[in-house]
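Protein chains: 2
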Amino acid sequence: MNNFIYHSPTKVYFGRGYETKIGSLLAERGFRKPLIVYGGGSIKRSGLYDTVLASLKEAGLSWAELGGVQPNPLLALAKEGIARFRAEQCDVLLAVGGGSAIDTAKVIGLGVPYDGDVWDFWCGKATPKAGIPTTVILTIAAAGSETSQSAVITNEDGMLKRGLNSEFNRPLFSIMNPELTYTLPAYQTACGVVDIMMHTLERYLTLPGEVELTDRIAESLLKTVRTYGPIAIAQPDHYEARAELMWAGSLSHNDLTGCGRASIFINHKIGHELSAKYGTAHGASLAIAFPAWAKYCYRSNIPRFAQYAVRVWGCEMDYAKPEATALAGIAATEDFFRSIGMPVRLSDIGIGEAEIDDLASRITAGGKNVIETYIPCGKQEFAEILRLAL
Amino acid sequence: MNNFIYHSPTKVYFGRGYETKIGSLLAERGFRKPLIVYGGGSIKRSGLYDTVLASLKEAGLSWAELGGVQPNPLLALAKEGIARFRAEQCDVLLAVGGGSAIDTAKVIGLGVPYDGDVWDFWCGKATPKAGIPTTVILTIAAAGSETSQSAVITNEDGMLKRGLNSEFNRPLFSIMNPELTYTLPAYQTACGVVDIMMHTLERYLTLPGEVELTDRIAESLLKTVRTYGPIAIAQPDHYEARAELMWAGSLSHNDLTGCGRASIFINHKIGHELSAKYGTAHGASLAIAFPAWAKYCYRSNIPRFAQYAVRVWGCEMDYAKPEATALAGIAATEDFFRSIGMPVRLSDIGIGEAEIDDLASRITAGGKNVIETYIPCGKQEFAEILRLAL
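So the protein lines, in turn, are chains A and B. Per my numbering, the first sequence runs over residues 206 to 595. Per my numbering, the second sequence runs over residues 206 to 595.
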């Protein structure tokens with residue numbers, strides 16, 4: 206077991222009705238004016254927007270707003286948020302939505318107390334030293350940003366999609382009412398399912414070998430999502446299924462599933478470039494990346510891929526040919542992704558051989574970066590992985 | 206799934222060597238003078254005491270001390286600690302030890318800023334409104350107090366052993382180096398194993414029915430402890446086994462294994478009275494309580510006890526007679542406790558029928574309290590449970 210530091214201080218209010226208490230939850234912490242960060246019209250159509258404003262009013266709070274956050278959120282809007290936060294003299298961020306709204310809020314939270322360009326933190330020029338707290342009302346089980354230290358943003362200048370881990374990114378509290386996800390379309394629910402599984406797998410299918418408690422927790426999470434994902438897609442208002450997914454989404458990315466292990470996030474790197482260049486939904490991009498990556502490198506750790514196949518997918522262990530079991534687990538994952546309507550090949554989203562070189566180049570910052578996983582992966586290796594996804 | 210609030214903000218430094226950094230970890234948070242709370246001579250014999258002082262000196266900190274904490278720690282010593290903390294003008298608590306040292310520190314932490322008698326909080330006369338932060342260097346995998354909101358103390362006046370949950374009880378940070386548990390005797394290691402399992406089972410064997418993710422996480426924890434407990438007992442310096450137990454101990458009681466479920470802690474109530482009256486080690490008292498309680502009430506939830514038997518102990522499901530499976534799980538637990546050297550009957554610790562009435566009376570505050578579990582348990586029901594433990 207590797208040494209690790211675990212710190213997941215976000216307070217979670219989980220279940221029906223907590224969104225109606227947002228005003229008092231902010232007021233009792235001394236906040237007076239949140240900047241509400243949200244996406245398109247869905248929270249207005251669902252009535253959540255009105256619920257939030259009513260609760261803020263009741264608690265005697267004022268507010269400012271930043272709407273229009275898009276999937277794969279853009280830096281320019283976050284910068285607009287920084288300016289608005291300052292001009293409106295807000296004192297806390299309130300993201301109402303999923304990973305895109307939350308991550309935009311996090312970027313604003315780091316940008317407000319910083320004199321320079323907030324992108325400095327994402328391109329490695331500076332390290333955050335302070336942050337305005339982000340609070341959350343979650344509407345999608347997917348990104349795990351509601352408890353994570355991660356924030357991903359896309360810089361329009363070059364369409365660079367980059368993630369940043371910082372303790373200042375941890376939300377102060379997150380409200381998670383599974384009912385708020387009832388209106389999610391099936392495709393987005395499925396994207397969330399893949400994202401949750403991949404946050405876990407990027408920590409699970411790594412070296413060193415078994416860390417039993419962490420492994421079993423990761424497997425618990427994968428099995429739960431495997432069971433309840435399809436139920437939530439078939440019955441969007443199935444409370445228990447939505448609740449299981451929502452809680453799994455948070456635990457998948459609050460670092461619990463990685464304690465004592467390395468994490469790689471190599472599939473996220475591939476996926477980020479697909480999203481940045483083609484606008485592919487994040488979950489869908491991961492559903493394409495994973496089977497290819499797994500097929501490329503499973504031979505480096507057959508026991509682990511076999512364990513995954515047996516414990517998560519219920520494959521029979523082939524003791525004479527563990528490789529067959531390992532492959533069966535990868536195939537089961539791919540079949541599952543396809544069964545919930547996800548693309549699993551680049552061709553499913555209209556991308557062919559002609560794009561491989563540029564994608565591999567982008568993933569490796571023009572061929573400069575090598576990512577250490579089972580096999581050191583540079584531009585050439587990523588091109589080979591991408592070809593397995595054709 | 207029930208609504209729940211989850212908040213486990215303690216920062217965990219897990220692995221080799223972190224105890225040598227205690228000075229800088231305190232200093233970087235602005236603390237200048239910890240009150241070090243510890244037990245007998247074991248941390249002096251092991252060299253940990255010297256390591257801690259050297260680290261504090263190196264960071265330019267001063268300190269005061271409160272040694273002599275006993276298992277089932279006593280209120281009088283905690284009160285001495287409150288006085289010393291004030292007199293020495295300390296600013297933070299540093300517990301070096303297990304649950305007894307940590308809980309004593311927590312009592313001091315609530316008592317220092319309070320004008321009245323700190324016992325007020327434990328007897329329900331007052332609610333804590335502030336607390337001095339507790340920090341921890343853990344030396345026993347057992348109580349889970351290093352991340353929990355619970356603190357248990359015994360008032361010598363009537364030998365009342367009582368627990369208190371308060372957000373102010375959550376340690377600020379905890380250092381967990383599995384190597385620091387190498388010197389634990391087998392009996393104490395075994396007591397810890399039982400304690401960890403029972404913190405999980407008191408949340409798992411409850412109503413409502415399945416909350417899949419929480420259940421599977423609880424089962425993960427139980428299986429891990431089942432596997433590594435005996436290894437740690439047989440090979441005290443087995444790093445991986447000590448590490449699995451140590452992390453399981455924290456996760457068993459930081460509320461993760463109870464999210465979305467009720468928790469009962471009825472076995473703890475029985476155990477606390479055994480400890481208070483006879484000085485029985487906490488884990489040993491739970492090993493006696495559980496089999497009796499489980500046999501008394503498993504019929505109220507046979508599916509759940511059967512799930513426990515199958516998933517945790519690998520029992521074969523008897524689909525025609527699920528009751529047989531449920532009983533097999535209880536028997537497997539009892540056999541396991543016995544196999545690691547724990548008492549599983551009152552007679553194992555020299556207690557007979559003559560004591561039953563008084564014990565049942567103590568558990569129910571003189572017959573006044575009824576604990577709602579599957580079956581409402583008052584004095585008569587506790588007497589019946591205790592008879593099953595004879």
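Just so you know, even glycine gets a beta-carbon here, dropped at the ideal spot from N, CA and C.
| field | Contact set for Ala497 (chain B): own chain, Cβ-Cβ below 6 Å, skip 5 residues either direction | value | By 1-based counting over the second sequence, the position of residue 497 (chain B) is 292. Excluding positions up to five away in sequence, the list reads Ile590, Leu593, Ala594.
| request: Assign Gly246 (chain B) to buried or exposed, taking buried as 16 or more other Cβ atoms, counted over all protein chains shown, within 10 Å of its Cβ. | output: Here residue 246 (chain B) corresponds to residue number 41 of the second sequence, with the count starting at 1. By the 10 Å Cβ count, Gly246 (chain B) comes out exposed.
| task | Output, in chain order, the set of chain A residues within a Cβ distance shorter than 7 Å of Pro214 (chain B). | result | Residue 214 (chain B) sits at position 9 when you count from the first residue of the second sequence. Under the 7 Å cutoff, chain A gives Pro214.
| message | If we define contact as Cβ-Cβ less than 8 Å, is Asn208 (chain B) a contact residue for chain A? | response | Here residue 208 (chain B) refers to the residue found at position 3 when the second sequence is read from its first residue. Chain A contact via Cβ: present.
| query | At a CB-CB cut-off below 9 Å, which residues of chain B make contact with Arg516 (chain A)? | reply | Taking the first sequence and counting its residues from 1, the one referred to as residue 516 (chain A) is at position 311. Here the premise fails: no neighbours, minimum Cβ distance about 11 Å.
| chain A contact residues for Leu426 (chain B), given Cβ-Cβ distances below 7 Å | Here the question's residue 426 (chain B) lines up with position 221 in the second sequence. Ordered by position in chain A, the residues that pass the 7 Å Cβ test against Leu426 (chain B) are Leu418.
| said: Excluding the 5 residues flanking Lys526 (chain A) on each side, which residues of the same chain have their C-beta closer than 6 Å to its C-beta? | reply: For the purposes of this step, residue 526 (chain A) is identified with residue 321 of the first sequence, where counting begins at 1. So the list is empty, once near-sequence residues are dropped.
| Whole alpha helix (DSSP H) elements within the segment 448 to 520 of chain A, 4-residue minimum | 471 to 483, 487 to 502, 507 to 518
| Host alpha helix (DSSP H) of Leu410 (chain A) (start-end) | Indexing the first sequence from 1 puts residue 410 (chain A) at position 205. Looking at the DSSP string, Leu410 (chain A) is not in any alpha helix (DSSP H), and its letter there is neither H nor E.
| request: Can you grab the Cα-Cα spacing for the pair Glu424 (chain A) / Gly414 (chain A), in whole Å? | output: Locating residue 424 (chain A) in the first sequence gives position 219, where the first residue counts as 1. Locating residue 414 (chain A) in the first sequence gives position 209, where the first residue counts as 1. Taking the straight line from one Cα to the other gives about 14 Å.
| request: Just mark Thr332 (chain A) as buried or exposed, buried being the case when its beta carbon has 16 or more other beta carbons within 10 Å. | output: Against the first sequence, residue 332 (chain A) aligns to sequence position 127. Exposed, because fewer than 16 other Cβ atoms sit within 10 Å of the Cβ of Thr332 (chain A).
| field | Among B:Asn370, B:Glu384, B:Tyr524, the one whose alpha carbon lies nearest that of Leu451 (chain B) | value | Counted from its first residue, the second sequence places residue 451 (chain B) at position 246. Sequence inspection shows Met at residue 451 (chain B); the Leu mentioned does not correspond to that position. When each option's Cα is compared against that of Met451 (chain B), the closest is B:Glu384.
| said: Rounded to the nearest angstrom, what separates Cys464 (chain B) and Leu365 (chain B) at their Cα positions? | reply: As a working note, residue 464 (chain B) is residue 259 in the second sequence. As a working note, residue 365 (chain B) is residue 160 in the second sequence. The straight-line gap from Cα to Cα measures roughly 29 Å.
| Close Cβ partners of Asn459 (chain A) (< 8 Å) along its chain, the five nearest in sequence each way excluded | Looking up residue 459 (chain A) in the first sequence gives position 254. For Asn459 (chain A), where only same-chain residues beyond five positions count, the Cβ hits under 8 Å are Ser213, Thr215, Gly349, Thr352, Ser353.
| task | For Val549 (chain B), name the three-state secondary structure that DSSP assigns. | result | The residue given as residue 549 (chain B) occupies position 344 in the second sequence. Three-state result, Val549 (chain B): coil.
| field | First and last residue of the uninterrupted beta strand (DSSP E) at Lys330 (chain B) | value | The count along the second sequence starts at 1 and reaches residue 330 (chain B) at position 125. Taken as a continuous stretch (DSSP letters only), Lys330 (chain B) belongs to no beta strand (DSSP E), as it is neither H nor E.
| In whole angstroms, what is the alpha-carbon distance linking Glu560 (chain A) and Cys582 (chain A)? | Numbered from its first residue, the first sequence carries residue 560 (chain A) at position 355. Numbered from its first residue, the first sequence carries residue 582 (chain A) at position 377. Taking the straight line joining both Cα atoms gives about 18 Å.
| said: Helix, strand or coil for Leu230 (chain B)? Go by DSSP, reduced to three states. | reply: Indexing the second sequence from 1 puts residue 230 (chain B) at position 25. In the structure shown, Leu230 (chain B) sits in a helix (DSSP, three-state: H, G or I).
| Residue from A:Ala391, A:Arg237, A:Ile580 with nearest C-alpha to Phe542 (chain A) | Mapped onto the first sequence, residue 542 (chain A) falls at position 337. Considering only A:Ala391, A:Arg237, A:Ile580, the residue with the shortest C-alpha distance to Phe542 (chain A) is A:Ala391.
| query | Nearest to Ala439 (chain A) by CA position, among A:Leu389, A:Tyr503, A:Val274, A:Ser468, is which residue? | reply | As a working mapping, residue 439 (chain A) is identified with position 234 in the first sequence. When A:Leu389, A:Tyr503, A:Val274, A:Ser468 are compared, the shortest CA-CA separation from Ala439 (chain A) is found for A:Leu389.
| query | What's the C-alpha gap between Ile580 (chain B) and Ser490 (chain B)? | reply | Here residue 580 (chain B) refers to the residue found at position 375 of the second sequence. Here residue 490 (chain B) refers to the residue found at position 285 of the second sequence. Approximately 22 Å between the Cα atoms of the pair.
| query | Is Glu361 (chain B) helix, strand or coil when you go by DSSP? | reply | As a working mapping, residue 361 (chain B) is identified with position 156 in the second sequence. Coil.
| CB contact below 8 Å: Phe373 (chain B) versus chain A | Locating residue 373 (chain B) in the second sequence gives position 168, counting from the first residue. False, the Cβ-Cβ gap to chain A never drops below 8 Å.
| said: For Tyr170 (chain A), tell me which candidate among A:Ile436, A:Ala300, A:Tyr503, A:Glu372 has the shortest Cα-Cα distance. | reply: A question about residue 170 (chain A) goes unanswered here, because the residues of chain A that appear run from 206 up to 595.
| message | Just checking: is the beta-carbon of Ala346 (chain B) within a distance shorter than 8 Å of some beta-carbon in chain A? | response | On the second sequence, residue 346 (chain B) is found 141 positions in, with the first residue counted as 1. Chain A contact via Cβ: absent.
| query | Which of the residues in the segment 431 to 447 of chain B, read from start to end, lie with their CB under 9 Å from any CB of chain A? | reply | Thr432, Tyr433, Tyr444, Glu445
| message | Does any residue of chain B have a CB that is nearer than 8 Å to the CB of Ile397 (chain A)? | response | Indexing the first sequence from 1 puts residue 397 (chain A) at position 192. Here residue 397 (chain A) is Gly; the residue named in the question, Ile, does not match the sequence. Residue-level contact by beta carbon fails for Gly397 (chain A) and chain B, as no gap is shorter than 8 Å.
| request: Classify Ser267 (chain A) as buried or exposed, calling it buried when 16 or more other Cβ atoms lie within 10 Å of its own Cβ. | output: Indexing the first sequence from 1 puts residue 267 (chain A) at position 62. Result: exposed.
| Are there three or more Cβ pairs, one per stretch, closer than 8 Å when the segment 401 to 408 of chain A is compared with the segment 366 to 373 of chain A? | no
| query | Is Gly302 (chain A) helix, strand or coil by DSSP? | reply | For the purposes of this step, residue 302 (chain A) is identified with residue 97 of the first sequence, where counting begins at 1. Looking at Gly302 (chain A) - three-state DSSP - the assignment turns out to be strand.
| field | chain B contact for Ile422 (chain A) (CB, 8 Å cutoff) | value | For the purposes of this step, residue 422 (chain A) is taken as residue 217 along the first sequence, with counting starting at 1. At least one chain B Cβ lies under 8 Å of Ile422 (chain A).
| If you check the beta carbons only, do Val323 (chain B) and Gly302 (chain B) fall under 8 Å apart? | The residue given as residue 323 (chain B) occupies position 118 in the second sequence. The residue given as residue 302 (chain B) occupies position 97 in the second sequence. Contact flag unset, no.
| Segments assigned beta strand (DSSP E), at least 3 residues, entirely inside the segment 232 to 261 of chain A | 239 to 243
| request: Excluding the 5 residues preceding and the 5 following Ser468 (chain A) in the sequence, name in chain order all residues of the same chain whose CB lies nearer than 8 Å to its CB. | output: As a working mapping, residue 468 (chain A) is identified with position 263 in the first sequence. Excluding positions up to five away in sequence, the list reads Glu407, Arg408, Thr411.
| message | When you compare the CB positions of Val242 (chain A) and Ile313 (chain A), do they come within less than 8 Å of one another, or not? | response | Reading the first sequence from its first residue, position 37 is the one you call residue 242 (chain A). Reading the first sequence from its first residue, position 108 is the one you call residue 313 (chain A). Cβ distance < 8 Å, so Val242 (chain A) and Ile313 (chain A) count as in contact.
| Which residue or residues does DSSP assign as beta-bridge partners of Glu270 (chain A)? | Locating residue 270 (chain A) in the first sequence gives position 65, counting from the first residue. Residue pairing by DSSP places Glu270 (chain A) opposite A:Ile241 in a beta bridge.
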